[in-house]
């Protein structure tokens, strides 16, 4: 979370870490960190000064009895239209959009997130409404929890 402190402080964004402390995931650390970093960076990019970003976690079990951690990064930023949501995770369907402070990007971060989440055995999705913000969520299997 320290990684995002400067970025969120520059925009006076409240960054809330609500991830449970007693959950352990055995997974590829680099891929998992890249997913979190991309999603939180995007949330900061598309949230105006004085906004709020919350990072939550939940334990879920699928119909086969497999346990997953679900991570959700929710902001009260600009939001994304249904039309633009359709291609967000696809190469060629995703274009870079300027942030609230004219921040730039490559348009490839979400494509990379989807690739990594799927390699880790999970899923990624978005819930968003223009003018109200976005929630990007993903799951990865849990091998061990404490």
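In this note's numbering, the protein residues as written are 4 to 149. Glycine included, every Cβ here is placed at the ideal spot set by N, Cα and C.
Of the candidates 143, 139, 31, the residue whose Cα lies closest to the Cα of residue 43 is 139. For the set 76, 115, 60, 14, the Cα lying nearest the Cα of residue 94 is the one of 115.
When the Cα atoms are used, residue 51 and residue 36 turn out to be separated by approximately 24 angstroms. By the neighbour-count criterion, in which a residue is buried when 16 or more other Cβ atoms sit within 10 angstroms of its Cβ, residue 113 is buried. One alpha carbon belongs to residue 54, the other to residue 48, and they sit about 11 angstroms apart. Between residue 145 and residue 70, the gap from beta carbon to beta carbon is short of 8 angstroms. For the options 143, 130, 132, the alpha carbon positioned closest to that of residue 123 is the one of 143. By alpha-carbon distance to residue 141, the top candidate from 39, 20, 18 is 39. In this structure the region 84-91 does not lie against the region 55-68, because fewer than three pairs of beta carbons, one per stretch, are closer than 8 angstroms. The C-alpha of residue 24 is placed about 22 angstroms away from the C-alpha of residue 65.
Residue 111 counts as exposed, since fewer than 16 other beta carbons sit within 10 angstroms of its beta carbon.
In this structure residue 80 touches residue 137 by the C-beta definition: roughly 6 angstroms separates them, less than 8 angstroms.
Checking the DSSP bridge columns, you'll see residue 77 partnered with 57, 138. For residue 33, there is no enclosing beta strand (DSSP E); the residue is part of the alpha helix (DSSP H) that begins and ends at 32-48.
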